[in-house]
Amino acid sequence: MPNVSANYGPEVQKVPADTPIEDIIYLLKRDGGVFLKQLIPVVDVDQAWEECRERLENDVEWNGSFFPKQTQRATALLALSPTYAKTQVMNSVYQQVCDHFLTTRSCFWWGSERKESVSKPYVHSCTAMRIGPGGKAQPLHRDDYISHNHHPEVGSWDDERDKNRESAVGLFVAGSKVTKENGGTQFIPRSHLWGTDRDVPPRVEDCIYAEMEKGDAFIMLASAYHAGGHNTTKDEKRSLWDMPLASQHADMLTS
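For the sequence shown, counting from 1, position 52 maps to 52 in the working numbering; every step adds exactly one.
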């Protein structure tokens, strides 16, 4: 897509939410992630947060190592927040992206009639999170490890070869100002192209940080290496919505 690539520099892009969907898809194929400025109106972010506030504030301390103990979570958001469902889950840009990467098609015979089966993506999980001061960074990981995906190393995206490479696409929406200092997500650009059998582990030194204003979004392919960052501040809580849509071949984490 040379006509699209000429419009963008080599770094991970921060583009307006009304950027053509073809450009957004191109950038995801190239980098594994893209920032969309003001994808969700701030008034809708605040309303959705209010609808799940009670669940969030009554969350018990996380018992485990995947999230830091300073994390508060509200899950099953479709049951808690109509605003979240309408503005984030059903966001038209996100839905178009997921349809492109996750919808699968297969043909079969029904007697003498040739038919096509279309499998659309579904909600994998949906969580609101707030990480307080001192929250440690996660280990770098791929979200699609839970689907037991095994990826070959590729130099660049090929539409035919890689049409079934992704099992999920994540949407991270900032519920507050997100900075490197308060734990913004660490992300390794173009790591979605890496093979599973690499001899060396992913390195934090190769990361950028998902710094966003409230209402901004980061869309990321599940094969990209990333991790929640370290909140080194003394008094800032990082608020974030986290949702992947998944292909029908991935296991559902929510109901």
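Where is the CB? At the ideal position from N, CA and C, for every residue including glycine. Please read all numbers here as calculations on a predicted model, not as lab measurements.
On a Cα-Cα basis, can you pick out the residue from the options that is closest to residue i?
{"i": "Tyr225", "options": "Gln72, His141, Thr103 and Cys107", "result": "His141"}
{"i": "Ala85", "options": "Glu54, Gln72, Phe101 and Thr127", "result": "Thr127"}
{"i": "Pro20", "options": "Ser92, Asp158, Glu57 and Phe67", "result": "Ser92"}
{"i": "Val123", "options": "Glu153, Val89, Gly135 and Asn58", "result": "Val89"}
{"i": "Trp194", "options": "Trp157, Val178, Gln138 and Tyr8", "result": "Trp157"}
{"i": "Gln70", "options": "Gly155, Tyr145 and Lys136", "result": "Lys136"}
{"i": "Lys177", "options": "Gln72, Trp241 and Gln13", "result": "Trp241"}
{"i": "Ile146", "options": "Arg30, Arg161, Glu166 and Gly155", "result": "Glu166"}
{"i": "Ser191", "options": "Ser5, Glu22, Glu153 and Phe67", "result": "Glu153"}
{"i": "Asn149", "options": "Glu160, Asp197, Gly155 and Asp159", "result": "Asp197"}
Rounded to whole angstroms, how far is the Cβ of residue i from the Cβ of residue j, which I believe are closer than 8 Å?
{"i": "Ile24", "j": "Thr87", "result": "Rounded, the Cβ-Cβ distance is 18 Å, inconsistent with contact."}
{"i": "Glu51", "j": "Ser81", "result": "4 Å"}
{"i": "Gly33", "j": "Phe218", "result": "6 Å"}
{"i": "Gly215", "j": "Val42", "result": "5 Å"}
{"i": "Ser125", "j": "Met220", "result": "Not a contact, Cβ separation roughly 14 Å."}
{"i": "Ser247", "j": "Leu77", "result": "Incorrect: roughly 21 Å between the Cβ atoms, too far for contact."}
{"i": "Glu57", "j": "Gln72", "result": "7 Å"}
Please confirm whether residue i and residue j have their CB atoms less than 7 Å apart.
{"i": "Leu245", "j": "Val169", "result": "yes"}
{"i": "Asn3", "j": "Pro133", "result": "no"}
{"i": "Asp44", "j": "Thr83", "result": "yes"}
{"i": "Leu28", "j": "Tyr94", "result": "no"}
{"i": "Ala79", "j": "Arg55", "result": "no"}
{"i": "Ser239", "j": "His151", "result": "no"}
{"i": "Gly228", "j": "Gln138", "result": "yes"}
Quick one: residues in its chain with C-beta nearer than 6 Å to the C-beta of residue i, no 5 flanking neighbours on either side, listed in chain order?
{"i": "Trp49", "result": "Gly175"}
{"i": "Lys237", "result": "Arg130 and Gly132"}
{"i": "Trp110", "result": "none"}
{"i": "Met1", "result": "Its pLDDT being 48, under 50, Met1 is placed unreliably by the model, and the measurement read from it follows with that caveat. Result list for Met1: Tyr26, in chain order."}
{"i": "Ser117", "result": "Ser106"}
{"i": "Asp159", "result": "none"}
{"i": "Asn164", "result": "none"}
{"i": "Asp336", "result": "Residue 336 cannot be examined here, being either before or after the span of the chain that is shown, 1 to 255."}
{"i": "Gln13", "result": "Leu27 and Val34"}
Skipping 5 residues on each side, what residues in its chain have a beta carbon closer than 8 Å to that of residue i?
{"i": "Asp99", "result": "Lys120 and Pro121"}
{"i": "Lys115", "result": "Cys107, Phe108 and Trp109"}
{"i": "Ser5", "result": "Tyr26 and Arg30"}
{"i": "Asn7", "result": "Asp23"}
{"i": "Gly155", "result": "Leu193"}
To which residues of the same chain is residue i closer than 7 Å at the C-beta, ignoring the five residues directly before and after it?
{"i": "Gly17", "result": "Sequence check: residue 17 is Ala here, not Gly. Hits under 7 Å: Leu36, Lys37, Gln38, Leu39 and Val93."}
{"i": "Thr233", "result": "Pro133, Glu181 and Asn182"}
{"i": "Asp143", "result": "Ala168, Gly170, Ala222 and Pro244"}
{"i": "Thr179", "result": "Glu211"}
{"i": "Glu213", "result": "Ala174 and Lys177"}
{"i": "Ser255", "result": "Per-residue confidence for Ser255 stands at a pLDDT of 45, beneath the threshold of 50, marking its modelled position as unreliable; the derived number appears in the next sentence. Once the five neighbours on either side are set aside, Ser255 has no close Cβ partner at all."}
{"i": "Pro202", "result": "Leu140, Ile188, Ser191 and Tyr225"}
Could you tell me whether any Cβ in chain B is nearer than 7 Å to the Cβ of residue i?
{"i": "Arg105", "result": "Absent from the structure is chain B; it holds one protein chain and no more."}
Below 8 Å, can you find three or more Cβ-Cβ pairs linking the segment 205–220 to the segment 181–190? yes
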